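So the protein sequences, as listed, match chains A and B. This note's numbering puts the first residue of the first sequence at 7, with every later residue one more than the last. This note's numbering puts the first residue of the second sequence at 7, with every later residue one more than the last.
Protein chains: 2
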Amino acid sequence: MTRIAVDAMGGDHAPFEIVAGAVWAAAEYGVGLELVGKQDQIEQCLETIQSEGFLSDCGKAGRKRRVRVDVKSLDIKITHASEIIEMGEAPGQAIRKKKNSSIVLTVNSVATGSSEALVAAGSTGAAMASSLFGLGRIQGIDRPAIAVTLPTMKKPIVVIDGGANSNCTPQMLKQFAIMGRTFSEKVLGIENPRVGVLNIGEEAGKGNELAQATYNLLEEEKEKFNFMGNVEGRELFLNHCDVVVCDGFVGNVVLKVTEGTSSLLFKMIKEQFKSDFIGMLIGMLAKPFMKRIYERINYEEFGGCLLLGVKGITVISHGRSKAYAIKNAVRVAKEAVVTGVNSKIAESLS
Amino acid sequence: MTRIAVDAMGGDHAPFEIVAGAVWAAAEYGVGLELVGKQDQIEQCLETIQSEGFLSDCGKAGRKRRVRVDVKSLDIKITHASEIIEMGEAPGQAIRKKKNSSIVLTVNSVATGSSEALVAAGSTGAAMASSLFGLGRIQGIDRPAIAVTLPTMKKPIVVIDGGANSNCTPQMLKQFAIMGRTFSEKVLGIENPRVGVLNIGEEAGKGNELAQATYNLLEEEKEKFNFMGNVEGRELFLNHCDVVVCDGFVGNVVLKVTEGTSSLLFKMIKEQFKSDFIGMLIGMLAKPFMKRIYERINYEEFGGCLLLGVKGITVISHGRSKAYAIKNAVRVAKEAVVTGVNSKIAESLS
Chain A
7 MTRIAVDAMG GDHAPFEIVA GAVWAAAEYG VGLELVGKQD QIEQCLETIQ SEGFLSDCGK
67 AGRKRRVRVD VKSLDIKITH ASEIIEMGEA PGQAIRKKKN SSIVLTVNSV ATGSSEALVA
127 AGSTGAAMAS SLFGLGRIQG IDRPAIAVTL PTMKKPIVVI DGGANSNCTP QMLKQFAIMG
187 RTFSEKVLGI ENPRVGVLNI GEEAGKGNEL AQATYNLLEE EKEKFNFMGN VEGRELFLNH
247 CDVVVCDGFV GNVVLKVTEG TSSLLFKMIK EQFKSDFIGM LIGMLAKPFM KRIYERINYE
307 EFGGCLLLGV KGITVISHGR SKAYAIKNAV RVAKEAVVTG VNSKIAESLS
Chain B
7 MTRIAVDAMG GDHAPFEIVA GAVWAAAEYG VGLELVGKQD QIEQCLETIQ SEGFLSDCGK
67 AGRKRRVRVD VKSLDIKITH ASEIIEMGEA PGQAIRKKKN SSIVLTVNSV ATGSSEALVA
127 AGSTGAAMAS SLFGLGRIQG IDRPAIAVTL PTMKKPIVVI DGGANSNCTP QMLKQFAIMG
187 RTFSEKVLGI ENPRVGVLNI GEEAGKGNEL AQATYNLLEE EKEKFNFMGN VEGRELFLNH
247 CDVVVCDGFV GNVVLKVTEG TSSLLFKMIK EQFKSDFIGM LIGMLAKPFM KRIYERINYE
307 EFGGCLLLGV KGITVISHGR SKAYAIKNAV RVAKEAVVTG VNSKIAESLS
């Protein structure tokens with residue numbers, strides 16, 4: 007049975023929602039768990055879940071329902087971690103100083119083979135740094151990167167890097183292209199994925215120094231990368247390519263602006279329907295349709311993003327994740343174990 | 007009477023839609039025009055508009071209506087320009103080489119006082135470069151920047167730079183903060199605007215080198231800038247601040263991802279309502295409500311963005327602008343003349 011290690015102390019809603027999501031996934035996807043964190047708190051969560059269950063909106067942005075899980079029937083291992091790395095801490099320093107922190111020990115459980123993959127919803131920097139040092143890099147990759155999958159009208163598009171590296175070199179972006187292609191092909195099932203450079207104009211020579219130099223690097227091996235050239239922010243959702251590379255600063259901005267814009271639009275729609283009585287009636291009728299779209303773009307459905315380039319599987323979840331998002335993150339981790347995306351990346355580099 | 011110079015040859019739909027939008031604005035807002043471009047083509051457009059009018063969806067994403075303008079009653083000057091700068095050309099070189107291009111002569115008309123402001127929908131780089139060289143910089147400003155206004159639930163937020171400078175220094179971003187504050191206060195009427203740095207985390211020390219250094223610079227003069235610290239992409243639409251600074255690469259990505267996301271959502275909503283017969287009925291009922299939201303976020307309503315930091319008024323419009331967007335761009339230009347935003351920036355720097 008695949009065992010997934012979960013940092014029970016990471017994220018805005020830790021530990022309860024994290025533990026709840028993990029056991030929910032264990033029951034639904036048939037995986038074993040290694041819950042890493044303060045033992046007494048984790049045991050307390052498990053007891054509450056066993057006796058009362060927990061409430062979740064199940065990613066549907068509506069009324070919550072009570073989820074029941076028979077915790078006793080699951081294969082759960084608890085690994086005690088006495089420390090926690092907080093959001094504000096400098097990742098590099100923190101993982102060296104707090105060797106008994108939940109994230110360091112979660113990574114350790116994968117490094118030692120006790121678990122096969124890990125899920126972390128705490129500090130992205132700490133998850134990345136501890137994965138880098140604990141699991142090691144795949145040969146040929148200088149820096150791991152986060153692969154973010156965004157919905158479009160047709161096939162999903164991979165944005166890489168989604169926030170692991172704020173300062174990047176063109177060579178790093180070329181490596182992101184290699185990892186992104188493998189991810190798109192092996193995990194999303196897209197044949198011969200097309201790669202683009204995120205830029206602010208279509209023509210060669212547009213954009214900042216990084217985008218220009220990356221364009222030139224990929225253009226040199228156009229065939230290998232199935233390189234489509236520059237892609238603008240507007241075109242991300244138009245399926246002009248399957249993988250788009252950028253530095254982690256820009257990638258993270260893209261991800262969060264996408265979230266912010268959709269959230270704004272849904273609020274505007276809600277407000278607009280509330281403007282008069284007829285509107286409220288039509289709004290009620292339209293609700294199930296709007297909900298279906300909400301579900302399609304809701305980050306909770308995606309659960310988490312894979313950190314590519316390390317020798318092991320790290321799934322990074324949103325800091326705001328509740329049980330439903332964590333459940334899906336564990337699913338992503340399990341799928342990554344099955345597809346063996348990291349070993350496929352190593353193969354494509356050798 | 008205020009006279010606005012319009013580059014009739016710039017933009018995907020030049021010259022007809024540009025000329026149509028300009029004369030529409032002249033009739034509606036009572037401004038004089040200086041249309042710059044190929045004289046015969048401009049005259050041809052004016053004749054067609056006089057005799058047949060033109061079709062426009064008036065920013066409503068629905069059926070087009072015929073707009074009639076009595077061109078003969080307007081104060082229109084035509085300035086012949088024999089050359090055009092194309093989208094792919096390197097801006098700096100192009101404006102030096104093509105001294106008789108429509109954009110160079112449009113800027114020239116403002117520089118010589120023939121017109122009071124200009125509107126350009128062609129190459130942003132060329133519009134910026136020619137404004138920089140033709141109008142000159144405001145003292146204390148190293149590089150002009152584009153101020154983009156994004157809608158939120160409450161007050162609009164200014165993102166600066168929206169695409170004029172791909173490579174920036176912290177000092178430049180500090181100047182953008184000064185210009186953005188003046189714009190927010192004088193043009194948008196926001197009292198003591200709050201400034202933030204676009205970043206990928208809230209804590210100090212987050213993000214790339216540029217964001218970190220800019221944070222430190224603004225933090226040093228916290229009171230003066232009413233500095234709120236870092237702002238994430240998701241929070242742009244939550245009114246956590248009124249002005250957010252970033253380099254033009256990131257700012258342009260933000261702008262286009264916002265456009266792309268809203269366009270994707272509207273498509274998804276349309277598709278969802280079409281999924282069955284009941285949906286089609288409800289969709290028809292919901293249409294007027296959706297339209298009102300579309301209008302609220304439609305870039306055509308904003309018309310164009312001001313290039314701040316030059317000694318003159320340059321409004322940069324979307325390359326895809328049709329008549330309705332150009333009409334609004336001329337309105338923005340007229341308002342900028344009235345508020346005198348550039349002289350206010352000069353004042354705030356002296």
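All residues carry an ideal CB built from backbone N, CA and C; glycine is no exception. Predicted model, so just to flag it, every value in this text is computed and none were measured.
Using a CB distance cut-off of 8 Å, K328(A) does not count as an interface residue toward chain B.
Contact of E209(A) with chain B is assigned, a C-beta pair being separated by under 8 Å. If you draw a 10 Å sphere on the C-beta of Q177(A), you find fewer than 16 other C-beta atoms in it, and that means exposed. The continuous beta strand (DSSP E) containing G43(A) extends over residues G38 to G43.
Boundaries of the beta strand (DSSP E) harbouring F60(A): F60 to S62, taken from the DSSP string.
For T8(A), the three-state secondary structure derived from DSSP is coil.
As the crow flies, the alpha-carbon of N236(A) is around 47 Å from that of K44(A). Counting every other CB atom within 10 Å of its CB across the protein chains shown gives L287(B) a total below 16, marking it as exposed.
For I299(B), the uninterrupted alpha helix (DSSP H) run begins and ends at F283 to I303, by DSSP. Counting only runs that start and end inside the segment 211-282 of chain B, the alpha helix (DSSP H) elements of at least 4 residues fall at 215-226, 228-231 and 254-279. A Cβ-Cβ distance of about 10 Å is found for the pair A87(A) and S115(A), leaving them out of contact under the 8 Å criterion. Ranked by how close their Cα comes to the Cα of V193(B), the residues I163(B), D18(B), G266(B) and F60(B) have I163(B) in first place. A Cβ of chain A is located within less than 8 Å of the beta carbon of T267(B). Taking C-beta separations shorter than 7 Å and ignoring five residues to either side along the sequence, the partners of G65(B) in its chain run E301, N304, E306, E307 and Y330, following chain order.
Using beta-carbon distances, G17(A) does not count as an interface residue toward chain B, since no partner is under 8 Å.
I206(A) is not a Cβ neighbour of E229(A), given a cutoff of 8 Å. Cβ neighbours of K104(B) within its own chain (closer than 7 Å, five residues either side excluded): E89, I91 and V110. Around the CB of F283(A), fewer than 16 other CB atoms lie within 10 Å, so the residue is classed as exposed. When DSSP states are grouped into helix, strand and coil, I144(A) belongs to the coil group. By the CB criterion at 8 Å, A133(B) and A123(B) fall outside the cutoff.
Proximity to I299(B) across R72(A), L314(A) and K276(A) peaks at K276(A), based on C-alpha coordinates. Taking 8 Å as the cut-off, the Cβ atoms of I166(A) and F182(A) count as close. Excluding five sequence positions before and after R326(A), the CB atoms of its chain that fall closer than 6 Å to its own CB belong to D18, given in chain order. Here the alpha carbons of H324(B) and N258(B) stand approximately 12 Å from one another. G169(A) has a beta carbon lying within less than 8 Å of a beta carbon in chain B.
Not a single C-beta of chain A is nearer than 8 Å to the C-beta of F22(B). Residue-level contact check: S57(B) does not touch chain A, since none of the beta carbons of chain A fall below 8 Å from its beta carbon.
DSSP places S136(A) in the helix class (H, G or I) of the three-state scheme.
Per DSSP, reduced to three states, the secondary structure at C311(A) is strand.
Close partners of A292(A) in chain B (Cβ separation under 7 Å): I288 and A292.
Judged by pairs of C-beta atoms under 8 Å, the segment 289-297 of chain B does not touch the segment 312-323 of chain A, as fewer than three such pairs exist. Per the C-alpha coordinates, the member of F295(A), V347(A), A170(A) and G38(A) positioned closest to G254(A) is A170(A). Residue contact check for L52(A) against chain B: no CB pair falls below 8 Å. In this chain, the alpha helix (DSSP H) harbouring L179(A) covers P176 to K192. Taking 8 Å as the Cβ-Cβ cut-off, the segment 87-111 of chain B approaches chain A at M93, G94 and A96, given in chain order.
Of the candidates L355(A), E353(A), R240(A) and G309(A), the residue whose Cα lies closest to the Cα of A339(A) is G309(A).
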